[in-house]
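Novice: Sending over a structure as structure tokens; questions will come in a sec.
If you want it as structure tokens, here you go:
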């Protein structure tokens, strides 16, 4: 008898749990579970917020990799976005909507494409966000932005560099950052200018890169540009990320003895690599050219001895000299350091700017109607600094007819002899006054 | 008596009526609920239940834990998508080619693996999946000049609504396709269990040496199970590619996916027929709910709780939730019957535990 | 190219030594309990974080902190085994020697621990910088950071210590006996489960010592568990599951193959090579390099 009672209890309890989990997972965020309006033919009109008139709050959806391989980068994007929204709200919110406050709704893509899709779908259909920002990883952005396109919801792409993101003929996808080819172009334009300035340049080059799409794309571009200039490629070394030791690669580089080295690594590998290069006293005459990723991460610089990054060239996706030039940037930087404990970097700035772009779109649209927002985005024309919006230092925000921002703002900087500070050298408009490139770098 | 020995008779007469009601509800669900997100959740439930069933056929019945099932899923997905992108071949045919390739791969992987037992087997399956993942992630152009595209992944051409190319603009066709696939997989599992193959596999599971002594050809039957399992797994990969219109090595060959599949089958009930369905019905919404509540605010905490649930189920419900859920349905049946003043069938209360 | 191979070989040996120490704990646990602890990498990660915080807050050198962390991890391991894993053994003792449910339990544990640390401490990368960790010397063309060489010899010493313990002390012999035949040991009146608890604790303590070395050579971040976790399995299978010395040999082979392989082919291909090697070894010599066929199960 006891058995029967027990199984009854378990049954009733289990049925309740199952029903509860369904109900909650489906109806989370206060959305209606059987609303005919959110059906297979989504329209641009929101049913829960009026398209004109005063609204109290407007949601903006954010999808970042907050766990998984890109977690630290995703977090920094998110920090930037959330802080930007704080500032916007403190300054009166969306004025064209009667001072409506922005409510960020953040989701974790776990660095997985299908999870990213699910989250974007949830944000659009359950949270009813009129605009989505994300997803950093190209692999997540591809399908996730397509979800937004299908739901006719504006999607601001931040972080994905693969060309195809804006080359699919989509109307609702807008990319703030540059495409991958740009990083290569910027690096080589800078090198060309150094060669012109000093009359000296490399004859041989080497490539070290993580073998997923970012690293491979960058290396492919660098190889093409290097060969175009008549240099010889002495080493082309892809490595699988998540290695426990970079010394073998360093030994290979040492024996290949290149004049210049192009590196694309994420933070953990970058840390191991830089340490090993330093300890093995590998001398690269025209420097290590690092393209973002780990080399933009403040955690990288905190983890390696300063001497190991002396004369390091870093291609940042933002103008890292901004804090020196503009007080408002320096102030934000201090706040970041105080509240979050790290040096403001481009991931933070990019998250910040992306949030601001979403805000400006809403401001310009004057409504939460998705079509109005989309139109606003196509007509958006911001120039630096647009208040505090363009923290990345990008010259402006204006999307061409594929949804790609025509302005791109990255910089090349070189670290000092003691490795503790850096100067921005390229492009000329961002070059710090009095900055001088050390080219070639002196032998230690 | 047979029930006392632990054998579970599942001929049509003994499926709980309430379960049939649930199946019917699932069939008409899209007509009742128009919320795309909920439909999507169900599609994912069916997807994982289907893959869990396919895993069950090889691992659940033989007792050897494979944690490399994603390898088979990925091969199917990649073959079909590559054919679609490069040769314009519709995935409906591409999936057959994919299934053939996957089956061959399954045999190549399985034949040596089956010589190993326990943790050796598991580690080898992991190694195979990881090998494939690293290879595809790092290779732009594979053998015969096939554009594998490395870790950028494959973007499935967007054709809007193109049923003859396995692409639909609405979720509902996907829902039904996966629902049917899940039913088919479950039915095949039931057939296997009922027929000789199932008995041989279970014999191999409980004592391979004794089975061999009785003349059961271990390798042959394991391979047959592997073939069926591979064919199903490859369909899962094709579906994933066509549903998300994107497929990449890190996800589709990933250890995460393998563990998810194995988990759903194990928590559902290893070696049971309906187990994977129950497992998916529990874990997919729970995972989604956790991610929604916690994922944005305290990243990682949702996965940590997921891990806790894993441990709790292994500790407290080692045979999976299958038995408990079936009991629940039986109780519901009894309740309904009492409601309609019918006498509850004696047999239902004495249902044996599944092996 | 030959010039390159020697420093690479040295690097491979040193790295291999580290792999070996990390794997020793896992191997001990497997040899006795027949359990592959998927949460092994998480244990390493936990200990690395402990060293980091002891260093950050109190300024303790990780080598010193070993006397704090190792016993603490021993206790943790003991209780993990006692509370979580033992019930599974008891439950399934009639059926199998190694319950497969333990595999899923340790996987769940890994998920839980890795993500708990991620949730609490975030995804950022930290690192420990002490005087020792930043000094290095040159050996035949390759720079060897002091922690690496200390790790190598320390690890060697540790492995021989463990082997001595197992062979010469009373408790060690009991553990060894349990590894060979648990039923016989039970019949001698020894509480097998208590031995399991002890062994698990020892295994976790061992990997936490390895963590002291790792924390100075690498970075402190939740994913460090996964980087070494998978490799540890490959290493113990290479060397022979259950053979302590085998962990060292397996680690060395693995490290050398990785290092030398990277010189000959691209590094990404060399990673694949390691997996391929693993699969080949498993097919042709599944008992590993050091075990005899009969000892496999």
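Protein chains in written order, with my numbering: chain A, 89 to 532; chain F, 257 to 611; chain R, 406 to 702. Backbone N, C-alpha and C define an ideal beta-carbon position, used for all residues, glycine too. In this text, all values refer to a predicted model and were calculated from it rather than measured experimentally.
Excluding five sequence neighbours on each side, which residues of the same chain lie with their C-beta closer than 7 Å to the C-beta of residue 282/A?
Specialist: Excluding positions up to five away in sequence, the list reads 525, 527.
Novice: In whole angstroms, what separates the C-alpha of residue 230/A from that of residue 206/A?
Specialist: Rounded to whole angstroms, residue 230/A to residue 206/A spans 13 Å at the Cα level.
Novice: The beta strand (DSSP E) with residue 189/A in it runs from where to where?
Specialist: Looking at the DSSP string, the run of the beta strand (DSSP E) that includes residue 189/A is 189-196.
Novice: Alpha carbon to alpha carbon, what distance is there between residue 619/R and residue 463/R?
Specialist: Taking the straight line joining both Cα atoms gives about 19 Å.
Novice: Take the Cβ of residue 606/F as the centre, count every other Cβ of all protein chains shown within 10 Å, and call the residue buried at 16 or more, exposed below.
Specialist: Low confidence applies to residue 606/F: its pLDDT is 47, below 50, so where it sits in the model is not reliable enough to give any reading.
Novice: If we count the other Cβ atoms within 10 Å of its Cβ and call it buried at 16 or more, is residue 436/F buried or exposed?
Specialist: It counts as exposed.
Novice: For residue 310/A and chain F, any beta-carbon pair shorter than 8 Å?
Specialist: Chain F, which has no Cβ nearer than 8 Å to the Cβ of residue 310/A, makes this no.
Novice: Tell me, please, whether the region 433-440 of chain R touches the region 645-658 of chain R by the rule of three or more beta-carbon pairs shorter than 8 Å.
Specialist: Result yes; three or more Cβ-Cβ pairs closer than 8 Å.
Novice: Which full runs of the beta strand (DSSP E) of 3+ residues lie inside the region 313-353 of chain A, going along the chain?
Specialist: Entirely contained in the region 313-353 of chain A, the beta strand (DSSP E) runs reaching 3 residues are, in chain order, 320-327, 348-352.
Novice: For the region 377-394 of chain F, list every residue whose C-beta sits within 8 Å of some C-beta in chain R, in sequence order.
Specialist: Cβ contacts with chain R come from 378, 379, 380, 382, 383, 384, 386, 387, 390, 391, 394.
Novice: Just grab the DSSP bridge partners of residue 404/A for me.
Specialist: Partner(s): 499/A.
Novice: In three-state terms, what does DSSP make of residue 624/R?
Specialist: Coil, per DSSP.
Novice: Specify the secondary structure class of residue 377/A as computed by DSSP and reduced to three states.
Specialist: If DSSP states are grouped into helix, strand and coil, residue 377/A belongs with the strands.
Novice: Does residue 196/A get closer than 8 Å to chain F when you measure Cβ to Cβ?
Specialist: With 8 Å as the cut-off, residue 196/A counts as an interface residue toward chain F.
Novice: Against residue 256/A, what residues of chain D qualify as contacts under a CB-to-CB distance less than 7 Å, listed in chain order?
Specialist: Absence of chain D from the displayed structure is noted, the protein chains being A, F and R.
Novice: Give a yes or no on whether the C-beta atoms belonging to residue 363/F and residue 479/F are separated by under 8 Å.
Specialist: Yes, the Cβ-Cβ distance between residue 363/F and residue 479/F is below 8 Å.
Novice: Please classify residue 369/F as buried or exposed, where buried requires at least 16 other C-beta atoms within 10 Å of its C-beta.
Specialist: Buried, since its Cβ has 16 or more Cβ neighbours within 10 Å.
Novice: On the DSSP letters alone, give me the boundaries of the beta strand (DSSP E) that residue 246/A sits inside.
Specialist: Its beta strand (DSSP E) spans residues 243-246.
Novice: Check the Cβ of residue 782/R against every Cβ in chain F and list those closer than 8 Å, keeping chain order.
Specialist: Because chain R here runs from 406 to 702, residue 782/R falls outside it and cannot be looked at.
Novice: Looking only at DSSP bridge pairs, what is residue 294/A linked to?
Specialist: Its beta-bridge partners are 323/A, 349/A.
Novice: Since residue 471/A sits in a beta bridge, which residues does DSSP pair it with?
Specialist: 484/A, per the DSSP bridge assignment.
Novice: Please work out which residues of its chain come closer than 6 Å, Cβ to Cβ, to residue 506/R, disregarding the five sequence neighbours upstream and downstream, and give them in chain order.
Specialist: Contacts found: 493.
Novice: Would you list, in sequence order, the uninterrupted alpha helix (DSSP H) runs of no fewer than 4 residues that lie entirely inside the region 307-379 of chain F?
Specialist: Runs of the alpha helix (DSSP H) inside the region 307-379 of chain F: 325-343, 347-369.
Novice: Quick one: using the 10 Å Cβ neighbour count with 16 as the cut-off for buried, is residue 592/R buried or exposed?
Specialist: Classification for residue 592/R: exposed.
Novice: What does residue 408/R touch in chain A if you count any residue whose Cβ is under 9 Å from its own?
Specialist: Correct list: 343.
Novice: What's the gap between the Cα of residue 375/A and the Cα of residue 315/A?
Specialist: So the alpha carbons of these two residues sit roughly 18 Å apart.
Novice: The beta strand (DSSP E) with residue 263/A in it runs from where to where?
Specialist: Its beta strand (DSSP E) spans residues 261-263.
Novice: Could you check what DSSP says for residue 152/A in three-state terms: helix, strand or coil?
Specialist: In this structure, residue 152/A counts as strand in the three-state DSSP scheme.
Novice: For the region 536-552 of chain R, which residues have a beta carbon sitting closer than 7 Å to at least one beta carbon of chain A?
Specialist: Taking 7 Å as the Cβ-Cβ cut-off against chain A, the residues of the region 536-552 of chain R that qualify are 539, 541, 547, 548, 550.
Novice: Hey, does residue 296/F have any beta-carbon neighbour from chain A nearer than 8 Å?
Specialist: By this cut-off, residue 296/F is an interface position.
Novice: In the DSSP output, which residue or residues are listed as bridge partners for residue 411/F?
Specialist: Answer is 502/F, bridged to residue 411/F.
Novice: DSSP three-state label for residue 463/A, please.
Specialist: Residue 463/A: helix per DSSP, three-state reduction.
Novice: Considering residue 391/A, what are the terminal residues of the alpha helix (DSSP H) in which it resides?
Specialist: Note, residue 391/A: alpha helix (DSSP H), 386-391.
Novice: So, under 8 Å CB-CB, residue 509/R and residue 570/F are touching, yes? Tell me the CB distance rounded to an integer number of Å.
Specialist: Right, their Cβ atoms sit about 5 Å apart.
Novice: Taking residue 359/A as the query, report the chain R residues whose CB atoms sit under 9 Å from its CB, ordered along the chain.
Specialist: Going along chain R in sequence order, the residues near residue 359/A (Cβ under 9 Å) are 530, 532, 623, 624.
Novice: Which residues does DSSP pair with residue 411/A in a beta bridge?
Specialist: Partner(s): none; residue 411/A has no beta bridge.
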